Amino acid sequence: MDKKRVTFLSIFLFLAINVISLSKVIEGYYGQEYSHVYIFMIVALISTGLATIAFFLWRKEEYKR
Numbered sequence: 000m001d002k003k004r005v006t007f008l009s010i011f012l013f014l015a016i017n018v019i020s021l022s023k024v025i026e027g028y029y030g031q032e033y034s035h036v037y038i039f040m041i042v043a044l045i046s047t048g049l050a051t052i053a054f055f056l057w058r059k060e061e062y063k064r
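Going by numbering that gives the first Met the number 0, 57 is the number at position 58 of the sequence shown; the sequence numbering is gapless.
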């Protein structure tokens with residue numbers, strides 16, 4: 000696979016991890032399990048950062064001249 004396809008698929012992977020983590024944050028908050036809230040929020044923030052980096056790498060490969 001080329002670099003453009005790998006970065007494109009990694010964006011969706013990181014966004015899926017983000018959605019799952021944020022749903023666990025909501026469950027933990029309403030269930031008053033605050034230790035889970037912090038762990039899954041950190042995972043969600045890291046996956047958001049990685050998705051952003053993957054987006055910029057994909058955009059660089061997509062619009063290369």
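In this text, a Cβ means the ideal position worked out from N, Cα and C, and glycines have one as well.
As the structure is a prediction and not an experimental result, all values here were calculated from the model.
Inclusion of A50 and F13 in the CB contact set at 7 Å is warranted, their separation being smaller than that value. For a cut-off of 8 Å, the C-beta gap from G27 to F39 is around 7 Å, short enough to register as a contact. With fewer than 16 other beta carbons inside 10 angstroms of its own, S22 counts as exposed. Taking C-beta atoms under 8 Å as the contact rule, S46 and I16 qualify, at a distance of about 4 Å.
Residue S20 holds the alpha-carbon nearest to the alpha-carbon of V42 among R58, K3, S20 and A53.
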